[in-house]
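Student: So the sequence lines, in the order shown, correspond to chains A and B.
Taking the working numbering, the leading residue of the first sequence gets 2, the next gets one more, and so forth.
Taking the working numbering, the leading residue of the second sequence gets 493, the next gets one more, and so forth.
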Amino acid sequence: MEIAAPQAAVPVIELVGVSKSFGAIQALKEVDLSLYAGEVHALVGENGAGKSTLVKILAGVHRPDRGLLKINGEAVELRSPAQAQAAGIAVIHQEPTLFPDLDVAENVFMGHQPRDRLGRIDWRRMYREVDQLLQSLGVELNVYLPVRGLSVADRQLVEIARALSQDARVLIMDEPTASLSPREVDDLFGIVEQLRARQVAILFVSHRLEEVFRLASRVTVLRDGQRVITAPAQVLTPEETIRHMVGRELAALFPKEEAAIGDVVLEVRHLTRAGVFRDVSFQLRRGEILGLAGLVGAGRTEVARVLFGIDQAESGEILIDGRVVAIRSPRDAMRYGIAYVPEDRHQQGLILDFSIAKNITLSILQRIARFSLVRSRQELKIAADYAERLRVRGGRLTQPVRALSGGNQQKVVLGKWLATEPRILILDEPTRGIDIGAKAEVHRIISELAARGLAILLISSELPEILAMSDRVLVMHEGRVSGLFSRAEADQEKVMLAATGQNSRESR
Amino acid sequence: MSTTTTRVEETRWRTRLGGKRFVALVSRVRELGLIVVLLLIIALVSLQTPRFLTPGNFEQILLSIAILAIVAVGETMVILTRNVDLSVGSMVGMTAFVCADVLKNHPQTPVMLIIVLGCALGAMLGAVNGLIVALGRVPAIVATLGTLYLYRGLDSYIAGGTQVSAYDVPDSFLALATTHVLGIPALILFAAAIALIFAYLLRTTRAGRELYALGSNPDAARLAGLHRERLILLTFLLSGLLSGFAGVLWGARFATVDSGAATGLELQVVAAVVVGGVNIFGGSGTILGAMLGAIVLGTIDNALTLLKLSQFWLQAIDGAAILAAVTLDALITRWLQRRLVSGRQR
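1) Of all the alpha helix (DSSP H) runs that stay within the bounds of the segment 663–742 of chain B, which reach a length of 4 or more residues?
2) Quick one: what's VAL32(A) bridged to in DSSP?
3) Along chain A, in chain order, which residues have C-beta atoms closer than 8 Å to that of ARG698(B)?
4) So PRO547(B) is in the alpha helix (DSSP H); what residue range does that whole segment cover?
5) Suppose contacts are defined by Cβ-Cβ distances below 7 Å. Is THR601(B) in contact with ALA782(B) by that definition?
6) Give the residues of chain A in contact with ARG722(B), contact being defined as C-beta atoms less than 8 Å apart.
7) Checking contacts by CB at 7 Å: is GLN86(A) closer than that to chain B?
8) How close, in whole Å, do the beta carbons of LEU725(B) and LEU623(B) come, if the pair is a contact with beta carbons under 8 Å?
9) Assuming SER53(A) is part of the alpha helix (DSSP H), what are its boundary residues?
10) With 7 Å set as the bound, which would you pick, yes or no: does the beta-carbon of ASN549(B) sit closer than that to a beta-carbon of chain A?
11) Within the same chain, show all residues whose beta-carbon is closer than 7 Å to that of LEU498(A), passing over the 5 residues directly before and after it, in chain order.
12) Listing by chain order, which chain B residues have their CB less than 9 Å from the CB of ALA83(A)?
13) For the structure I just gave you, are there three or more beta carbon pairs, one from the segment 199–210 of chain A and one from the segment 222–231 of chain A, closer than 8 Å?
14) Quick check: VAL269(A) and PHE283(A), are their CB atoms within less than 7 Å of each other?
15) For SER356(A), which of ALA50(A), VAL105(A) and ALA404(A) has the nearest alpha-carbon?
16) If you draw a straight line from the alpha carbon of GLY736(B) to that of LEU613(B), how long is it in whole angstroms?
17) Got a sec, what are the start and stop residues for the alpha helix (DSSP H) ARG67(A) sits in?
18) Where VAL661(B) and LEU796(B) are concerned, what is the direct C-alpha to C-alpha distance, given to the nearest angstrom?
19) For LEU530(B), is the beta carbon positioned less than 6 Å from some heavy atom of the ligand MG?
20) Report the three-state DSSP secondary structure of ILE839(B) (helix, strand or coil).
21) Helix or strand or just coil, what does DSSP make of MET1(A)?
22) Skipping 5 residues on each side, what residues in its chain have a beta carbon closer than 7 Å to that of ASP280(A)?
23) Need the endpoints of the beta strand (DSSP E) that ARG473(A) sits in, please.
24) Report the residues of the segment 771–792 of chain B with a CB closer than 7 Å to any CB of chain A, ordered along the chain.
25) Rounded to whole angstroms, what is the Cα-Cα separation between ALA738(B) and GLN540(B)?
26) Would the segment 132–145 of chain A count as touching the segment 17–27 of chain A if we require 3 or more Cβ pairs under 8 Å?
27) Assuming PRO542(B) is part of the alpha helix (DSSP H), what are its boundary residues?
28) Have a look at GLN411(A) and GLU442(A) and give me their C-alpha separation to the nearest angstrom.
29) Can you pull out the residues from the segment 87–106 of chain A whose beta carbon lies closer than 9 Å to at least one beta carbon of chain B?
30) Report all residues from its chain with a CB closer than 7 Å to the CB of ALA420(A); omit the five preceding and five following residues, and keep chain order.
31) Using a Cβ distance threshold of 8 Å, determine whether the segment 693–709 of chain B contacts the segment 767–776 of chain B, with at least three qualifying pairs required.
32) Just list the alpha helix (DSSP H) runs in the segment 576–648 of chain B, keeping only unbroken ones of 4 residues or longer that don't cross its boundaries, in chain order.
33) What does the alpha-carbon distance come out to for the pair ILE457(A) and PRO401(A)?
34) Considering just the uninterrupted stretch of the alpha helix (DSSP H) at GLN803(B), what are its terminal residues?
35) According to the Cβ coordinates, are LEU530(A) and HIS63(A) closer than 7 Å?
36) Does the contact criterion of 3 or more C-beta pairs under 8 Å hold for the segment 631–649 of chain B versus the segment 571–578 of chain B?
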């Protein structure tokens with residue numbers, strides 16, 4: 002489904018049948034994308050749909066395994082970010098990458114400063130040109146100020162000025178509004194309009210649909226590394242776009258078993274941590290899996306960190322078995338029977354050079370030690386028990402965890418936390434980066450744990466996983482709860498609408 | 493309408509100028525601070541001993557730091573890129589011995605050729621450092637700690653326990669250190685000229701600014717298409733070259749050279765650079781600052797001698813000066829950040 006853009010016959014830049022894999026994971030499959038001079042083309046998709054891989058290919062960071070990249074109709078190869086820049090492609094990153102010690106003008110012109118006949122940097126001309134450049138964008142920014150101390154919005158302006166100073170014909174904006182205030186977003190959009198008028202081709206990557214429809218003339222939707230549709234923005238609605246983003250088969254997933262749902266174990270009332278999340282309330286019962294859905298940056302992990310005592314909330318209450326408790330540290334949290342399996346198992350969950358057995362028993366050392374000496378027979382016995390229950394495969398218990406596959410590593414992390422015999426288990430993206438087979442197995446384990454009476458808070462960015470596993474689904478959007486659905490009510494579109502903040506808009 | 497425009501233009505202009513002045517002032521704060529410290533030391537010591545505040549003594553101070561200052565110019569450029577060169581002492585020592593030894597065996601060698609030889613040897617040793625750090629991706633602190641011992645070992649091997657003394661080398665060589673031009677010792681002029689030339693190059697060439705960029709944010713430098721490897725190789729090569737030149741001067745100044753020459757110089761050099769306000773994490777600092785740092789440390793050293801205090805104090809005071817400088821740097825950076833942020837919100 003391709004609809005030609007009106008402006009020009011030849012796209013400034015074009016991807017034809019581009020594929021890219023990282024190990025076993027295929028990030029992009031045969032993706033086509035074209036950008037025309039003077040258009041704003043939005044690229045949307047769920048977390049992990051392949052947006053950032055595509056951006057990195059255009060920016061010269063990654064090279065496609067298959068397929069072509071064409072500039073003005075000619076196939077080219079971009080081997081480095083420098084080559085992409087030389088080809089007129091500039092990228093505005095979500096977090097601007099600038100030189101904090103240098104001033105605005107130097108940041109704009111680093112690497113291509115104007116020089117006089119003797120090859121010396123012409124500082125006066127540099128300041129004047131940057132000043133004119135910023136004025137032409139209608140921006141008030143002191144060119145002598147060091148970039149350290151500028152707001153994110155101002156840093157993005159510096160990056161945009163940098164792109165213009167190099168006569169960029171293609172501007173890629175990767176989630177540029179993620180850390181901007183509404184006012185700053187308006188200013189940025191004004192500048193994007195100007196750039197469009199100057200015939201710059203703009204790729205606008207975002208998951209904020211209201212922004213996409215405000216700005217873009219065409220929209221391309223990616224899902225699971227494939228292009229689903231490219232269409233003019235006028236003919237799409239936000240609802241349709243979401244349907245294209247999420248339409249995925251659920252059959253391959255392991256559904257949750259029926260489990261008797263008991264009393265409320267954990268309750269959260271009006272929990273707030275300034276700038277991160279606000280007024281979050283929910284209940285979690287014995288035997289229940291509560292799915293916590295939302296886009297990256299919605300504040301889900303941050304809530305989990307407060308529940309586990311890593312960060313502190315500023316207001317609100319946490320109740321365990323109906324009693325208000327203060328959780329000031331992970332040690333407190335563990336005493337209340339809370340276990341937290343973090344998202345990044347390499348950095349936070351596992352010691353890769355330790356054996357399977359040592360990793361599993363790491364958090365229960367006092368229990369298996371006598372006179373402060375770890376009894377290794379006891380250690381092996383407990384570890385063998387959990388490894389068996391979780392079906393950890395790939396080696397003896399004395400083998401280092403480093404040698405295991407991602408799925409088996411994840412099972413070891415689970416084993417480690419289950420060994421603490423928790424009553425409340427918080428799982429943060431438990432199946433990220435592990436293969437399909439291991440995924441189903443992790444799902445089966447989670448389901449069994451719930452059946453045995455654990456209360457589970459499941460944070461996941463994968464909607465099918467959330468929908469298959471959860472008894473109820475709590476959705477967060479930009480730090481607030483934007484939806485709560487029973488298992489029967491929840492479907493991909495409703496959850497996605499809530500996650501992008503679209504549902505609250507309609508009800509308002 | 494036109495009046496509004498003029499007013500807007502005016503405010504715009506004023507804020508811009510204000511910003512420029514403010515930033516220029518802040519970037520001078522470290523240097524101004526050092527000058528104040530220097531004046532305080534001078535005032536305090538002058539009250540204790542009249543011999544301190546004499547032109548002769550000041551010449552003495554500058555002479556004592558001239559060679560160190562030349563090495564510090566190269567070290568400054570290395571540190572600006574977030575690296576460090578710990579092998580400078582060994583490079584100075586080796587070139588000092590090799591140059592003196594060549595003259596001992598071939599007294600007819602022109603001094604000019606000896607200077608070229610010293611610089612070339614230093615540049616070669618520096619290039620080895622640069623290759624290990626830039627291409628081998630070994631952290632500079634480890635790589636140059638290795639070559640610090642390696643070069644010293646080579647130096648001892650070449651020297652084989654011998655030493656070159658003042659009687660072994662021609663007077664034309666020793667004259668490098670003793671000549672005066674317009675009444676100023678040549679050593680001081682060499683150091684001043686090198687500092688000025690490199691300060692100018694850092695300001696006016698793309699490569700000079702790219703050193704700051706690389707140290708300020710290596711990721712951004714990569715995205716801006718800067719050649720990390722080339723820049724790092726260049727700084728280590730220059731550090732070696734300047735160390736080589738300093739080695740030639742060392743031989744001329746001390747005349748008696750063995751394989752232990754300039755041992756421990758690297759720490760004095762790094763101390764001068766850091767005290768001079770060059771950020772040890774790269775990205776900011778000036779050669780002028782490093783020179784002031786060397787002068788302050790040299791003055792303290794001189795004052796202790798005149799006050800007949802034990803030399804044991806010297807190391808403790810050097811250490812305290814480094815700590816004070818680094819702490820002050822951290823405080824200034826934090827203050828500047830706050831000031832700039834609040835300035836924008838106003």
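Don't be surprised by glycine CBs; every beta carbon is placed ideally from N, CA and C.
Tutor: So, to answer that:
1) Entirely contained in the segment 663–742 of chain B, the alpha helix (DSSP H) runs reaching 4 residues are, in chain order, 663–670, 678–696, 698–708 and 710–715.
2) Mapped onto the first sequence, residue 32(A) falls at position 31. Looking at the DSSP output, VAL32(A) bridges to VAL19(A).
3) Within the second sequence, the letter at position 206 stands for residue 698(B). Result: GLY112, GLN114, ARG116 and ILE122.
4) For the purposes of this step, residue 547(B) is taken as the residue at position 55 of the second sequence. Here the alpha helix (DSSP H) through PRO547(B) covers 547–572.
5) As a position in the second sequence, residue 601(B) is number 109, starting the count at 1. As a position in the second sequence, residue 782(B) is number 290, starting the count at 1. At a Cβ-Cβ threshold of 7 Å, THR601(B) and ALA782(B) do not count as neighbours.
6) Along the second sequence, one-based indexing puts residue 722(B) at 230. Neighbours of ARG722(B) on chain A: none; closest Cβ ~12 Å, over 8 Å.
7) Within the first sequence, numbered from 1, the residue matching residue 86(A) stands at position 85. Yes, GLN86(A) lies at the interface with chain B (some Cβ there is under 7 Å from its Cβ).
8) Working through the second sequence from its first residue, we reach residue 725(B) at position 233. Working through the second sequence from its first residue, we reach residue 623(B) at position 131. About 7 Å separates the two Cβ atoms, so the contact holds.
9) Taking the first residue of the first sequence as position 1, residue 53(A) is located at position 52. Start and end: 52–59.
10) Stepping through the second sequence from its first residue, residue 549(B) is reached at position 57. Cβ-Cβ to chain A under 7 Å: no for ASN549(B).
11) Translated into the one-based positions of the first sequence, residue 498(A) becomes position 497. Excluding residues within five positions, the ones whose Cβ falls inside 7 Å are ILE243 and ASN504.
12) Translated into positions along the first sequence, residue 83(A) becomes position 82. Within 9 Å Cβ-Cβ: ARG714, LEU715, ALA716, GLY717, LEU718 and HIS719.
13) Flag = no, the segment 199–210 of chain A and the segment 222–231 of chain A do not touch.
14) As a position in the first sequence, residue 269(A) is number 268, starting the count at 1. As a position in the first sequence, residue 283(A) is number 282, starting the count at 1. Yes, the Cβ-Cβ distance between VAL269(A) and PHE283(A) is below 7 Å.
15) Stepping through the first sequence from its first residue, residue 356(A) is reached at position 355. Distances from the CA of SER356(A) to each of ALA50(A), VAL105(A) and ALA404(A) were compared; the closest alpha carbon is that of ALA404(A).
16) Start at 1 with the first residue of the second sequence, and residue 736(B) comes out as number 244. Start at 1 with the first residue of the second sequence, and residue 613(B) comes out as number 121. Their Cα atoms are separated by approximately 6 Å.
17) Along the first sequence, one-based indexing puts residue 67(A) at 66. Per DSSP, ARG67(A) lies in no alpha helix (DSSP H); the unbroken beta strand (DSSP E) holding it starts and ends at 67–72.
18) As a working note, residue 661(B) is residue 169 in the second sequence. As a working note, residue 796(B) is residue 304 in the second sequence. Between the alpha carbons of VAL661(B) and LEU796(B) lies a distance of about 33 Å.
19) Because no ligand of any kind appears in the structure shown, any question about the ligand MG cannot be addressed here.
20) This structure cannot settle anything about residue 839(B), because the visible part of chain B is limited to 493 through 838.
21) There is simply no residue 1(A) to check, as chain A begins at 2 and stops at 509 in what is shown.
22) Within the first sequence, residue 280(A) is the residue found at index 279, counting from 1. Once the five neighbours on either side are set aside, the close Cβ partners of ASP280(A) are HIS271, THR273 and ARG481.
23) Sequence index remark: in the first sequence, residue 473(A) carries index 472 (1-based). 473–478 is the span of the beta strand (DSSP E), which, as asked, contains ARG473(A).
24) Cβ contacts with chain A come from GLY775 and SER776.
25) Residue 738(B) sits at position 246 when you count from the first residue of the second sequence. Residue 540(B) sits at position 48 when you count from the first residue of the second sequence. Straight-line Cα distance between these residues: approximately 34 Å.
26) When Cβ pairs closer than 8 Å are counted between the two stretches, the segment 132–145 of chain A is seen not to touch the segment 17–27 of chain A, the count staying below three.
27) Position 50 of the second sequence holds residue 542(B). Per DSSP, PRO542(B) belongs to no alpha helix (DSSP H) and is neither H nor E.
28) Your numbering for residue 411(A) matches position 410 in the first sequence. Your numbering for residue 442(A) matches position 441 in the first sequence. The straight-line gap from Cα to Cα measures roughly 11 Å.
29) Here the close residues are ALA87, VAL92, HIS94, PRO97, THR98, LEU99, PHE100, PRO101, ASP102, LEU103 and ASP104.
30) Along the first sequence, one-based indexing puts residue 420(A) at 419. The residues are ILE361, THR362, SER364, ILE365, ILE383 and TYR387.
31) Output reads yes: the segment 767–776 of chain B touches the segment 693–709 of chain B.
32) List check, alpha helix (DSSP H) in window: 580–597 and 603–626.
33) The residue you call residue 457(A) lines up with position 456 of the first sequence. The residue you call residue 401(A) lines up with position 400 of the first sequence. Distance from the CA of ILE457(A) to the CA of PRO401(A), rounded to the nearest whole angstrom, comes to 29 Å.
34) Residue numbering aside, residue 803(B) sits at position 311 when the second sequence is read from its first letter. From DSSP, GLN803(B) is part of no alpha helix (DSSP H); its letter is neither H nor E.
35) Lying outside 2 to 509, the shown extent of chain A, residue 530(A) is not represented and no answer is given.
36) Short answer: they touch.
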